[in-house]
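Enquirer: Sharing a structure below in structure tokens format, with a few things to ask.
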Amino acid sequence: PWLRETDCPFFNAIPGIAYYANWKMDAPSPFAYFDFLVVEGDERLKDVWFNTDLDRFRTEWVRLWGYGDAPLPMHRYSHVTRVERANFGLEVDEGWLTLGTGAPPSELPTVARVEGSLAKHFAGSDEPWFAPVEDRQPLGYDYVGFSPEKPAEGDLILPTHAVARP
Numbered sequence: 026p027w028l029r030e031t032d033c034p035f036f037n038a039i040p041g042i043a044y045y046a047n048w049k050m051d052a053p054s055p056f057a058y059f060d061f062l063v064v065e066g067d068e069r070l071k072d073v074w075f076n077t078d079l080d081r082f083r084t085e086w087v088r089l090w091g092y093g094d095a096p097l098p099m100h101r102y103s104h105v106t107r108v109e110r111a112n113f114g115l116e117v118d119e120g121w122l123t124l125g126t127g128a129p130p131s132e133l134p135t136v137a138r139v140e141g142s143l144a145k146h147f148a149g150s151d152e153p154w155f156a157p158v159e160d161r162q163p164l165g166y167d168y169v170g171f172s173p174e175k176p177a178e179g180d181l182i183l184p185t186h187a188v189a190r191p
């Protein structure tokens, strides 16, 4: 209930956030949840990332739940992607999340290319807030895909379902 009643509505009320939803992986994965956050244009990214209300909220989340004793590098950052194809929306309740290297398969209806990462200053990072993928690539994948059917290709293919979304 916390994700539906608190987290998702809070994020979606932040100026500059166009869409925010929480998805849970339905198979073993390096992460249990995946948050989709869409910003209203490149020029809003820094404003959203350093929003003071959002910082307080995320800092409290880290205090309450944290990332465990030895978080994977991908957990210490948020990942900046740019949509290349958007033929399958996030208004559905289930689908397949695909992470891969190289060129994304043409069968994936929705694909976002990884462009960089954002250091989680609210979790104690003192690294530059943004780094392009050439300088920092903690996710380890070149693209993120989303589809209604299980794709045949991808380095990590995970069934997933929406836990909280607008």
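Quick note: to get the working numbering, add 25 to the position in the sequence shown (first position is 1). Idealized CB from N, CA, C, for every residue including glycine.
Compare the beta carbon distance of TYR166 and GLY125 with 8 Å and say whether it is the shorter of the two.
Expert: Start at 1 with the first residue of the sequence shown, and residue 166 comes out as number 141. Start at 1 with the first residue of the sequence shown, and residue 125 comes out as number 100. Yes; because the gap between Cβ atoms is below 8 Å, this pair is in contact.
Enquirer: Does the beta carbon of MET50 come closer than 8 Å to any beta carbon on chain B?
Expert: Considering every chain present, this structure includes no chain B. It has just one protein chain.
Enquirer: Exposed or buried, which one is GLU187 when buried takes at least 16 other CB atoms within 10 Å?
Expert: Looking up residue 187 in the sequence shown gives position 162. Residue identity differs from the one stated: residue 187 is Ala in this sequence, not Glu. The residue is buried, with at least 16 neighbouring Cβ atoms inside 10 Å.
Enquirer: With contact counted as at least three CB pairs below 8 Å, one residue from each stretch, are the stretch 144 to 159 and the stretch 172 to 190 in contact?
Expert: Contact between the stretch 144 to 159 and the stretch 172 to 190 is absent, because fewer than three Cβ pairs lie under 8 Å.
Enquirer: Let me know if THR31 comes out buried or exposed under the rule of 16 or more other beta-carbons within 10 Å of its beta-carbon.
Expert: Counting from 1 along the sequence shown, the entry for residue 31 is found at position 6. Classification of THR31: exposed, given that the 10 Å Cβ count is below 16.
Enquirer: Could you tell me if GLY114 is buried or exposed, where buried requires 16 or more neighbouring beta carbons within 10 angstroms of its beta carbon?
Expert: Sequence index remark: in the sequence shown, residue 114 carries index 89 (1-based). It counts as exposed.
Enquirer: What's the C-alpha gap between TRP121 and GLY41?
Expert: As a first step, residue 121 is located in the sequence shown; it is residue number 96 there, counting from the start. As a first step, residue 41 is located in the sequence shown; it is residue number 16 there, counting from the start. Their Cα atoms are separated by approximately 27 Å.
Enquirer: Less than 6 Å between C-beta atoms, sequence neighbours within five positions excluded: which residues of the same chain meet that for ASN76?
Expert: As a first step, residue 76 must be located in the sequence shown, where it is residue number 51. Here the set comprises ILE39.
Enquirer: Exposed or buried, which one is PRO149 when buried takes at least 16 other CB atoms within 10 Å?
Expert: Looking up residue 149 in the sequence shown gives position 124. It should be pointed out that residue 149 corresponds to Gly in this sequence rather than to Pro. Per the 10 Å Cβ criterion, exposed.
Enquirer: Would you tell me roughly how many angstroms separate the C-alpha atoms of ASP78 and LEU183, rounded to the nearest one?
Expert: As a position in the sequence shown, residue 78 is number 53, starting the count at 1. As a position in the sequence shown, residue 183 is number 158, starting the count at 1. Rounded to whole angstroms, ASP78 to LEU183 spans 32 Å at the Cα level.
Enquirer: Between the Cα of ALA52 and those of PRO191, TRP86, LEU181, spot the shortest distance and give me the residue it belongs to.
Expert: Your numbering for residue 52 matches position 27 in the sequence shown. Closest by alpha carbon: LEU181.
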